[in-house]
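Residue numbers (my numbering), protein chains in the order written: chain A, 1 to 209; chain B, 1001 to 1106. We put the beta carbon where it would ideally sit given N, CA and C, even for glycine. In this text the structure is predicted, and so the values were computed from the model without any measurement. Data first, discussion second: the structure below is written as structure tokens.
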Amino acid sequence: METTSLKNLERNMFRDSIQDGILDIQLGLMLLMFVLPIYINPYLGDFWSSVVFLPLWFAIILGFRAYRKKVVQPRVGTIQYGKYRKKRLKRLNIIILVVNLAAFGIGILSFFQAKVLPGWAVSARFSIIMLVGFSLAGYMLEFPRIYLYGVLISAAPIIGEYLYQNHGFSHHGFPVTFGVLSAAITINGLVILLRLLRKYPPHEHEDLE
Amino acid sequence: MNDTKPLENPLKDIDQIIHAPARLRILMMLYVVESLDYVFLKNQTGLSWGNLATHLGKLEDAGYITVIKGYQGKKPQSQIQLTTSGRNAFRNYKNTFQQILDDLPE
Chain A
1 METTSLKNLE RNMFRDSIQD GILDIQLGLM LLMFVLPIYI NPYLGDFWSS VVFLPLWFAI
61 ILGFRAYRKK VVQPRVGTIQ YGKYRKKRLK RLNIIILVVN LAAFGIGILS FFQAKVLPGW
121 AVSARFSIIM LVGFSLAGYM LEFPRIYLYG VLISAAPIIG EYLYQNHGFS HHGFPVTFGV
181 LSAAITINGL VILLRLLRKY PPHEHEDLE
Chain B
1001 MNDTKPLENP LKDIDQIIHA PARLRILMML YVVESLDYVF LKNQTGLSWG NLATHLGKLE
1061 DAGYITVIKG YQGKKPQSQI QLTTSGRNAF RNYKNTFQQI LDDLPE
């Protein structure tokens, strides 16, 4: 009973320390990588329209990291996780690396097979890898919302392909499905962040220091 | 648990420093993490700065916690950590209390 209660306490503290909406906003903006290059493509070409997003994405990550450090953490406080949580986060990093490598490999493979594979096959490959990756991340972070994101992100290319084949949507329906999903996840993150900022006003003076 | 000796005077064996609800909550939180800062502790416990200072002072005097002074840029940001004796005292408290509850008739 006591052990379970302490476990719950640790999990809740961990969630409170990362539940600031920034992760959601970053994920939402990352999904724009499936939308914006399509529109930049005519101006920059296939290669550069994709490459330009790497430094942009890097800047977004660094920007939000700085925002968390300067604005969020002084209000919420900081915590150094215990051994159990550190071990789980280390495992999560390995999972993220493996999933990214797998996604990269499948991406390369699909690029060369693009002419022989039906659109469904490429979408299904992407969906499976996303579902597996997000489910494992949700499990390791003990964060139920990530499972939902995984399901939605996995469904996006399949729905997009359906819209493309049956209703004539452009670019395999990616601008619509990933655009909507990106907006929904980013807005959700912003709502969480704004609620948190309202709940925890800045501490004018910390008497104990 | 069954092979432990029954306590002579159960309530006397309870560590009174830990037994106060606010301090128990603080120690429980510190037990499951490596360290945390005042702001996080204040937000999680809902205590005022004054109350928090009093309880942390008592725990520090008992040698159960240690405050590691540090800075984040120019701002002070100290981390609070459970000491080894604090960890042991919390475990003893947990076991003693559990034994008292186990010994209670249904």
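Measure the alpha-carbon distance for residue i versus residue j and round it to whole angstroms.
{"i": "N1092(B)", "j": "L32(A)", "result": "54 Å"}
{"i": "N1051(B)", "j": "A184(A)", "result": "42 Å"}
{"i": "P42(A)", "j": "L196(A)", "result": "41 Å"}
{"i": "R68(A)", "j": "L101(A)", "result": "28 Å"}
{"i": "E1106(B)", "j": "K7(A)", "result": "27 Å"}
{"i": "K115(A)", "j": "R125(A)", "result": "16 Å"}
{"i": "L181(A)", "j": "L36(A)", "result": "13 Å"}
{"i": "Y1038(B)", "j": "H167(A)", "result": "57 Å"}
{"i": "L136(A)", "j": "G150(A)", "result": "10 Å"}
{"i": "F47(A)", "j": "K1069(B)", "result": "50 Å"}
{"i": "G45(A)", "j": "L54(A)", "result": "15 Å"}
{"i": "G82(A)", "j": "S110(A)", "result": "42 Å"}
{"i": "Q113(A)", "j": "Y164(A)", "result": "19 Å"}
{"i": "P175(A)", "j": "D16(A)", "result": "33 Å"}
{"i": "N188(A)", "j": "I25(A)", "result": "8 Å"}
{"i": "L117(A)", "j": "E10(A)", "result": "47 Å"}
Under the three-state reduction of DSSP, which class applies to residue i: helix, strand or coil?
{"i": "Q1016(B)", "result": "helix"}
{"i": "E1106(B)", "result": "coil"}
{"i": "T78(A)", "result": "coil"}
{"i": "Y84(A)", "result": "helix"}
{"i": "V1033(B)", "result": "strand"}
{"i": "Q1044(B)", "result": "helix"}
{"i": "T1083(B)", "result": "coil"}
{"i": "Q1072(B)", "result": "strand"}
{"i": "V1067(B)", "result": "strand"}
{"i": "E142(A)", "result": "coil"}
{"i": "D20(A)", "result": "coil"}
{"i": "Q1077(B)", "result": "coil"}
{"i": "Y200(A)", "result": "coil"}
{"i": "G28(A)", "result": "helix"}
{"i": "V35(A)", "result": "coil"}
{"i": "N1002(B)", "result": "The pLDDT assigned to N1002(B) is 48, lower than 50, so where the model puts this residue is not dependable; a value taken from the coordinates is nonetheless given after this. If DSSP states are grouped into helix, strand and coil, N1002(B) belongs with coil."}
{"i": "A66(A)", "result": "helix"}
{"i": "L89(A)", "result": "helix"}
{"i": "S170(A)", "result": "coil"}
{"i": "L101(A)", "result": "helix"}
{"i": "K7(A)", "result": "helix"}
{"i": "A1022(B)", "result": "helix"}
Can you tell me whether residue i sits near the ligand FAD, meaning its C-beta is under 6 Å from at least one heavy atom of the ligand?
{"i": "Y149(A)", "result": "With respect to the ligand FAD, the structure offers nothing, as it holds no ligand at all."}
Could you name the residues of the same chain whose beta carbon sits closer than 7 Å to that of residue i, not counting the 5 residues immediately before and after it, in chain order?
{"i": "M13(A)", "result": "I79"}
{"i": "E2(A)", "result": "With a pLDDT of 48 at E2(A), under the threshold of 50, the predicted position of this residue should be treated as unreliable, and no value is reported."}
{"i": "E161(A)", "result": "G119, W120, S123, H172, G173"}
{"i": "F1090(B)", "result": "I1018, L1027, Y1031"}
{"i": "I1065(B)", "result": "L1030, L1056, L1059, I1080, Q1081, L1082, T1083, G1086"}
Anything in chain B within Cβ reach of residue i, meaning under 8 Å, just list it in chain order.
{"i": "L6(A)", "result": "M1028, Y1031, V1032"}
{"i": "E10(A)", "result": "V1032, V1033"}
{"i": "G200(A)", "result": "Looking at the sequence itself, residue 200(A) is Tyr, so the reference to Gly does not match. Under the 8 Å cutoff, chain B gives N1043."}
{"i": "Q80(A)", "result": "V1033, E1034, S1035, L1036, Q1079"}
Tell me which residues share the same chain as residue i and place their Cβ nearer than 6 Å to its Cβ, disregarding the 5 neighbours each side in the sequence.
{"i": "N1002(B)", "result": "With a pLDDT of 48 at N1002(B), under the threshold of 50, the predicted position of this residue should be treated as unreliable, though the coordinate-derived value follows. For N1002(B), where only same-chain residues beyond five positions count, there are no Cβ hits under 6 Å."}
{"i": "L1104(B)", "result": "none"}
{"i": "V72(A)", "result": "D20"}
{"i": "V1067(B)", "result": "S1078, I1080"}
{"i": "V75(A)", "result": "For the sequence presented, residue 75(A) should be read as Arg rather than Val. Around R75(A): Y200, P202."}
Name the chain B residues whose beta carbon is nearer than 9 Å to that of residue i?
{"i": "M13(A)", "result": "M1029, V1032, V1033, L1036, F1040, Q1044"}
{"i": "V76(A)", "result": "V1039, F1040, N1043"}
In terms of alpha-carbon separation, which member of the options lies closest to residue i?
{"i": "S5(A)", "options": "S1085(B), R1025(B), L1011(B)", "result": "R1025(B)"}
{"i": "V1032(B)", "options": "L1101(B), R1087(B), Q1098(B), E1106(B)", "result": "R1087(B)"}
{"i": "Q1081(B)", "options": "Q1099(B), E1034(B), Y1071(B)", "result": "E1034(B)"}
{"i": "Q1016(B)", "options": "L1059(B), L1041(B), S1048(B), L1030(B)", "result": "L1059(B)"}
{"i": "Y212(A)", "options": "H172(A), G189(A), E142(A), V99(A)", "result": "Since the first residue shown for chain A is 1 and the last is 209, residue 212(A) is missing from the structure and cannot be characterised."}
{"i": "I153(A)", "options": "T177(A), R75(A), I192(A)", "result": "T177(A)"}
{"i": "K1045(B)", "options": "K1094(B), P1021(B), N1095(B)", "result": "The question names Lys, but residue 1045(B) in the sequence shown is Thr. For the residues K1094(B), P1021(B), N1095(B), the minimum Cα distance to T1045(B) belongs to P1021(B)."}
Using the beta-carbon of each residue, which ones in chain B are nearer than 7 Å to residue i?
{"i": "H203(A)", "result": "V1039"}
Under 8 Å Cβ to Cβ from residue i, same chain only, skipping five residues before and after it: list those, please.
{"i": "W57(A)", "result": "L29, M30, M33"}
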